[in-house]
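Structure first, then comments.
Protein chains: 2
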Amino acid sequence: MSEFRFPSRVQKLRERLVKDELDALFVSNGENRRYISGFISSAGYLLITQTEAVICTDFRYTEQAAQQAPGWRVDRIGGKPEWLPKLVKEFGIKTLGFEADDMTVDSLERFKKAFSETDVDPDLKPTNGIGVDLRAYKDPEELTLLQRAIDIGDQAFEETRQLMKVGMTEKEAAWIFEKAVRERGAESISFDTIVAVGPNAARPHHSTGNTKLVEGQTIVFDCGARYQGYCSDLTRTIVLGKADAEIKRIYDIVLAAQLAAIDMARPGMTGEECDAIARKIIEEAGHENDFGHSLGHGLGLEVHENPGVGPNAKGKLENGMPFTIEPGIYIPGWGGVRIEDVVVLEDGRARVMSHAAKMEF
Amino acid sequence: MSEFRFPSRVQKLRERLVKDELDALFVSNGENRRYISGFISSAGYLLITQTEAVICTDFRYTEQAAQQAPGWRVDRIGGKPEWLPKLVKEFGIKTLGFEADDMTVDSLERFKKAFSETDVDPDLKPTNGIGVDLRAYKDPEELTLLQRAIDIGDQAFEETRQLMKVGMTEKEAAWIFEKAVRERGAESISFDTIVAVGPNAARPHHSTGNTKLVEGQTIVFDCGARYQGYCSDLTRTIVLGKADAEIKRIYDIVLAAQLAAIDMARPGMTGEECDAIARKIIEEAGHENDFGHSLGHGLGLEVHENPGVGPNAKGKLENGMPFTIEPGIYIPGWGGVRIEDVVVLEDGRARVMSHAAKMEF
């Protein structure tokens, strides 16, 4: 049998199974399936034991699964769930973990019913977050893909910024960005681009619309590219024409908070501690009520994944984890400022992966 | 209190609750949330009783929910699930349906735990398909949006076809289509465009790649636009240059099967019966093993939804239901032909909503 495409990912998962006292994990989540096996599709499951690794998918994808995931056995399955008891019996699985944070109540009932119609009766154990825990650490291949996604997003943003002008709508600016991303070889944008002008920028999750770009107000531009599955995420706040003193004042607070968090982030720190670095600066500047979201988040195959970086994020940040640092100040009726880079912890420090220029006044 | 934006949808859901003996339905599915309330977001729930209608969402979306969903009470919720027992108590709900085909095992456990920590103990009933059942019938507002999505997709395909030429890759052709869709005001394509050349066309779900378009082989182009949430779906099979006798022969069988199904589709027929009309023609032409997918599917807020139109689709097709009719013949190593239109049953017949020209030889 040929080697796995990602032998260390399979190995880490198997170590986790030992730790969690599971004979096998049944993977239903699409990103986890892709991450562990390399198989990219809209449907299918993995079943992994200490010695077996099987992709179960329908006729549409069996050929592709065999190509994308060397080392895996590929089983063709139909719509009825009786294949799962058969495999569990074949492998002698007594304790079977499933992804409770992905599997629907209905799917679980269907599999339970299939077991009940056989003499196969494993202990079905709900698991939560095994895939996202593993995925928080990025191996060198992943960091290369993530860097490429970031570079494409950064370049596309820079190109868009050159073309943005008064009178253009938010949607038009977002579309310029998206075309630039695609024409650089990304498969898509990594989330709906947020372009928020003036008072719209006071809402961190503004829905990009037909508001026209104007002079002298903040424009928050939050955007990303997806390259071979990996998602970048960048926010820049710009002003067309002249920025007034209030914009400069608030921008400088946010920038100071962002640079401090980048400078002081360390492996071993919790997400909460990292968040507090930036939050303290914003609070001490008198804007304690104006930063209503987390400092950041991990990113990879999903644009939001582990580690958490915000109040109540108790997990530790570690070497090999990329995440965003994106403080903001939002003032209803006036607007907002947010500045976001992706960093990765390496050799005890945060290395900045984003290279798009920041606004200067 | 103002009127609901979609009073008849709320009314139909309430009639269904009576029929299913539920005091309330707890909606977690995003498309169902949008359909019933008009509220469009990435997060939130609905709770509907015979007299109450509440949107539960986080701080990011409360303002937007109030704008998009007049008539609904909007409750701001946090990350902890204790708000659900409170509402269930407030409304005196004894029998609470939830969407078992959407809710994860983990979410249900979290809500169950929240109930167990109170004196509120409703009977939690798994439901399956209530939203998709309601959504199979489209009201006039929906058909208007669907027609607009279809028109955009059809026009974008026609534009793309003019620009397709030998040596262009599948991906390049797909990108021309996508740009044309977006520049006509659609928010996105409705699914990843399939462009499949020559032998690639033998796989109904070919993943669009870097194969170059060539003369004299079939090119299957399966594409759609999403307009205000509604998804179109169109397939045309074209040939650059001259089509040989074998292509013409197979194309004519598929076209005959498609036109027969359009002509003979009737309300009251099951999806299986409609499928059989086209399948019989393909089988009688000697291609009984070469049409390995369903004849069609409903479409709306999702590109695949009810009704089913294929072998084993026991549900009835009814007036007001749009669906696709898309027979195909696929021959490994040679290629494939598929022709797909959207139709809607009206006044006892299928009205064709797609207007893109079909290939003529």
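Line by line, the protein sequences give chains B and X.
Here the first sequence is numbered in the working numbering, starting from 5 and rising by one per residue.
Here the second sequence is numbered in the working numbering, starting from 5 and rising by one per residue.
Cβ coordinates follow ideal geometry from the N, Cα and C atoms, glycine included.
Closer than 9 angstroms to chain B by CB, residue i
i      : result
K117/X : no
V220/X : Here the sequence assigns Gly to residue 220/X, which means Val is not the residue at that position. No, because no Cβ of chain B sits closer than 9 angstroms to the Cβ of G220/X.
A360/X : no
G339/X : no
G4/X   : Any answer about residue 4/X is impossible in this case: the structure gives chain X only from 5 up to 365.
A269/X : no
K129/X : no
K183/X : yes
Local Cβ density within 10 Å of residue i, reported as buried at 16 or more and exposed below that
i      : result
S46/B  : exposed
K142/B : buried
N36/X  : buried
D127/B : exposed
T131/X : buried
A249/X : exposed
F63/B  : exposed
G101/B : buried
R230/X : buried
Q262/X : buried
R165/X : buried
S6/X   : exposed
Chain X contact for residue i (CB, 9 angstroms cutoff)
i      : result
W179/B : yes
T108/B : yes
E3/B   : Since the first residue shown for chain B is 5 and the last is 365, residue 3/B is missing from the structure and cannot be characterised.
P85/B  : no
F30/B  : no
S211/B : yes
G296/B : yes
E174/B : no
P208/B : yes
N132/B : yes
R283/B : no
Closest residue to residue i among the options (Cα-Cα distance)
i      : options                           : result
A361/X : K318/X, I198/X, F161/X and G82/X  : F161/X
V356/B : E86/B, K90/B and D155/B           : D155/B
L349/X : C278/X, K117/X, G171/X and K90/X  : C278/X
T241/X : G302/X, P208/X, Y234/X and G272/X : P208/X
V201/X : V109/X, T215/X and D137/X         : T215/X
K175/B : G34/B, M273/B, V347/B and N204/B  : N204/B
P85/X  : Q232/X, F119/X, D226/X and A206/X : F119/X
I343/X : L299/X, V313/X, L303/X and L138/X : L299/X
L226/X : E67/X, W179/X, D123/X and V58/X   : With the sequence shown as reference, residue 226/X is identified as Asp, and Leu is not the correct amino acid for it. With distances taken between Cα atoms, D226/X lies closest to W179/X.
T222/B : R230/B, V199/B and S236/B         : V199/B
T55/X  : G75/X, Y39/X, I266/X and T61/X    : G75/X
K98/B  : A57/B, D125/B, Y39/B and V78/B    : D125/B
E309/X : P315/X, P326/X, E322/X and N316/X : P326/X
E364/B : L88/B, Y49/B, Y255/B and S236/B   : Y255/B
S194/X : V307/X, R13/X, R353/X and G34/X   : V307/X
S41/B  : E187/B, E163/B, L305/B and V14/B  : V14/B
E276/B : K129/B, N323/B and P315/B         : P315/B
K169/X : Q151/X, D123/X, L217/X and R270/X : L217/X
Proximity of residue i and residue j at Cβ, strictly below 9 angstroms
i      : j      : result
K318/B : G272/B : no
Y234/B : A153/B : yes
H301/B : G332/B : no
F30/X  : Y65/X  : no
T53/B  : F10/B  : no
G245/X : E287/X : no
D196/X : T173/X : no
C60/X  : L88/X  : yes
F8/B   : A70/B  : no
D237/B : V347/B : no
S32/B  : E103/B : yes
Proximity test, residue i beta-carbon vs the ligand PLP heavy atom, cut-off 8 angstroms
i      : result
S298/X : By its list of ligands, the structure shown contains no ligand whatsoever, and the ligand PLP lies outside what it can speak to.
Opposing strand residues paired with residue i [DSSP bridges]
i      : result
C227/X : L238/X
C60/B  : Y49/B and D79/B
G312/B : H301/B
R353/B : E350/B
K216/X : T173/X
G340/B : Y334/B
D345/X : I329/X
G101/X : L29/X and K129/X
L244/X : E219/X
S192/X : R230/X
Under 9 angstroms by beta carbon: chain D residues contacting residue i
i      : result
D105/X : Given the protein chain composition of this structure (B and X), no chain D is represented.
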